[in-house]
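Participant:
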Ligand SMILES: [Zn+2]
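In structure tokens:
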């Protein structure tokens, strides 16, 4: 593979076609993207219906589903893009983080394509993918702050320049999406309950004010497990008194606390590091309440805000192509011995 | 839809085969039933790391490209869930990308077939006119094995008696022993494969009748390729898109859900 690591990478101005695969959790996704930005196809096969009856993603079932659909989705992505295998210049795949058994299917499929087509392979960081989903909807101006909110991640990432990631804040316990799902379960919503909580909070007329976990004054870290416990104890308290808990007021209280903390910290980081743009991304970026609040705070601060479309916020392969483009243009390729990593450092993945 | 390329000399068949259902990573090139070259490695516990570079090396050192192959053959399991998925995913993707037929072979059958060839080569004391049972074993923890049963003789017979399944070794060994005692046509019984964890249980199952013999051996992709070639020559092909590992059982989560729905 040494030939692939040479410095004479493809020049940045030539047209190229990337096939990207994402299988880090419960979505099998394959995309064809031209020049890192033009999405020709982005097929997402969701397993949500399968996992619903288990109340969450079952890793072994997710892995089995990925094997069932992988070549079907690859073929569908090619067909929809109107391209054929020999047109592909490189293959990108989510290397991590994620569920190991699920990642393995994508990684092995990508390596097989790389071998069969004799094209370079690019192991890609899932969170870099979420962040660079923004590059599919607009231009990123550096330095920028990315607020990453998803089922598995809650991070504030500073991008001082293109492809350089520095994590300045992260959750110390639950991710935002995880907290949403747990609260949704307490409010008797089916899995995945995040969108129901968002909707209920939007419609609420009352609010049970819940605590904000600011942590240390200078910290950009998060903690949501206390907030989740506060919701549960409010429900218990009402029941002890023989009342029925006001779910909508609780949903609003929970949502307000989460949004308050994440947006305030993101804006404070933006000011401290003097960034020129805010990027919102991850599955929870589809949350209406969060979008609205961050938009108005950014407007107040005179900070341009990018948010990918809902489809590009959830796990998808086009975002993996968008991040892999950073490496493709620099000729930084992976060897055929690429290893799926359930835990993978974003900072180390920097170009 | 993909079409399989017809090769000009269609008498010769070249198969790339591999299996990752056990602790061994094994890949082979088999042409017309003859092993051309093979790789077996136990170094990486995670077969996903080296599988494609090993296949690439195997092909290139034999001057082969994907286009030179007639089929891609793979051990379909059972075995380690994660392990089987690695080979099956690679086989599906390679076969699809190369537009080559995919042929799945039971990993247990390949284990048994490879062992049988080894036994014949070793010229074991086998009766010429009677049958031998080959019983492949893969450890499946908690006293369980993935296993099946084949009957064979020196005239080329090779038939499955029991299909692939997960069984308790203590019951399975006892059943084999009892059936062999009643079956006068059976001259020898061989438990082969991952036998070490179950040796004591098998020995205990031996009562007065049939002698249960044991031979530890590793998975060999040559057997996967040879069995696949037989299927290939019979015109059998697997559908690439719907091809999945044979896990032999549903997941624990599904089993629990099923039990709950039955009110258990
Ligand atoms: Zn994600």
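Chains as they are written, first to last, in our numbering: chain A, 1295 to 1645; chain B, 9 to 272.
Positions of the beta carbon are idealized from the N, C-alpha and C atoms, including for glycine.
1. Please classify residue 1619 of chain A as buried or exposed, where buried requires at least 16 other C-beta atoms within 10 Å of its C-beta.
2. Going by the C-beta, is residue 1419 of chain A closer than 7 Å to any heavy atom of ligand 1?
3. On the premise that residue 1615 of chain A lies in contact with residue 1450 of chain A, defined as a C-beta separation below 8 Å, what is that separation, rounded to the nearest angstrom?
4. Taking DSSP as the reference, what is the three-state secondary structure of residue 15 of chain B?
5. Take residue 214 of chain B and list the residues in its own chain whose beta-carbon comes closer than 7 Å to its own, dropping the five residues that flank it on each side.
6. Excluding five sequence neighbours on each side, which residues of the same chain lie with their C-beta closer than 8 Å to the C-beta of residue 1363 of chain A?
7. Looking only at its chain, what residues have a beta carbon closer than 8 Å to the beta carbon of residue 1600 of chain A, apart from the 5 residues adjacent to it on each side?
8. Starting from the C-beta of residue 1550 of chain A, find all residues in its chain whose C-beta is less than 7 Å away, skip the five residues before and the five after it, and write them out in chain order.
9. Under 7 Å: does the beta carbon of residue 1381 of chain A sit that close to some heavy atom of ligand 1?
10. Are residue 106 of chain B and residue 77 of chain B touching if we call contact CB-CB under 8 Å?
11. Can you give the Cα-Cα distance for residue 13 of chain B and residue 239 of chain B, rounded to whole angstroms?
12. What residues come near ligand 1, if near means a beta carbon less than 5 Å from any of its heavy atoms?
13. Is any beta-carbon of chain B found at less than 8 Å from that of residue 1395 of chain A?
14. Decide yes or no for the touch test of the stretch 249 to 259 of chain B against the stretch 1360 to 1380 of chain A: beta carbon pairs closer than 8 Å, at least 3 of them.
15. Taking one C-beta from the stretch 1632 to 1639 of chain A and one from the stretch 1397 to 1405 of chain A each time, how about it: are there three or more such pairs within less than 8 Å?
16. Identify, in the order they occur along the chain, each residue of the same chain with its Cβ nearer than 6 Å to the Cβ of residue 148 of chain B, setting aside the five sequence neighbours on each side.
17. Please list, in chain order, the residues of the stretch 44 to 70 of chain B that have any C-beta partner in chain A closer than 8 Å.
18. Among B:121, B:187 and B:99, which residue has its Cα nearest to the Cα of residue 225 of chain B?
19. If you count every other CB in all the chains shown that lies within 10 Å of the CB of residue 1306 of chain A, and 16 or more means buried, which is it?
20. Going along chain B in order, which residues have a C-beta closer than 7 Å to the C-beta of residue 1407 of chain A?
21. Along chain B, in chain order, which residues have C-beta atoms closer than 8 Å to that of residue 1439 of chain A?
22. For residue 2 of chain B, would you say it is in contact with chain A, using Cβ-to-Cβ distances shorter than 8 Å as the test?
23. Considering only their Cβ atoms, is the gap separating residue 198 of chain B from residue 223 of chain B smaller than 8 Å?
24. State the Cα-Cα distance for the pair residue 79 of chain B and residue 1625 of chain A, rounded to the nearest angstrom.
Facilitator: By the coordinates alone:
1. Looking at its Cβ environment, which holds 16 or more other Cβ atoms inside 10 Å, residue 1619 of chain A is buried.
2. Outside the cutoff, so no.
3. Rounded, the Cβ-Cβ distance is 24 Å, inconsistent with contact.
4. Any reading at residue 15 of chain B must be qualified, since the residue scores a pLDDT of 47, below 50, and its modelled position is unreliable; no value is offered.
5. Hits under 7 Å: 185 and 220.
6. Taken in chain order, the residues that qualify are 1322 and 1339.
7. Excluding residues up to 5 positions away in sequence, 1428, 1431, 1432, 1434, 1571, 1572, 1573 and 1574 lie with their Cβ nearer than 8 Å to the Cβ of residue 1600 of chain A in the same chain.
8. Short of 7 Å from the beta carbon of residue 1550 of chain A, and not among the five residues preceding or following it, lie these beta carbons of its own chain, in chain order: 1501.
9. Residue 1381 of chain A has its Cβ no nearer than 7 Å to any heavy atom of ligand 1.
10. Yes.
11. Residue placement at residue 13 of chain B cannot be trusted, given a pLDDT of 48 that sits under 50; what the coordinates show is reported in the next sentence. Roughly 18 Å between the two C-alpha positions.
12. Taken from the N-terminal end onward, the list reads A:1444 and A:1609.
13. Under the Cβ distance rule, residue 1395 of chain A counts among the residues neighbouring chain B, one pair being separated by less than 8 Å.
14. With contact defined as three or more Cβ pairs closer than 8 Å, the stretch 249 to 259 of chain B and the stretch 1360 to 1380 of chain A are in contact.
15. When Cβ pairs closer than 8 Å are counted between the two stretches, the stretch 1632 to 1639 of chain A is seen to touch the stretch 1397 to 1405 of chain A, the count reaching three or more.
16. Cβ neighbours of residue 148 of chain B beyond the five flanking positions: 154 and 174.
17. Those would be 54, 56, 57, 58, 59, 60, 61, 63 and 64, in chain order.
18. Looking at the Cα atoms, B:121 is the closest of the given residues.
19. Any reading at residue 1306 of chain A is ruled out, since the residue's pLDDT is 48, under 50, leaving its predicted position unreliable.
20. Residues of chain B passing the Cβ test: 101 and 105.
21. Near residue 1439 of chain A there are no residues of chain B at all, since even the closest Cβ is about 35 Å away, more than 8 Å.
22. Look at the range of chain B in this structure, 9 to 272, and you will see that residue 2 of chain B is not part of it.
23. The answer is yes: Cβ separation under 8 Å.
24. In this model, residue 79 of chain B and residue 1625 of chain A are separated by some 34 Å (Cα to Cα).
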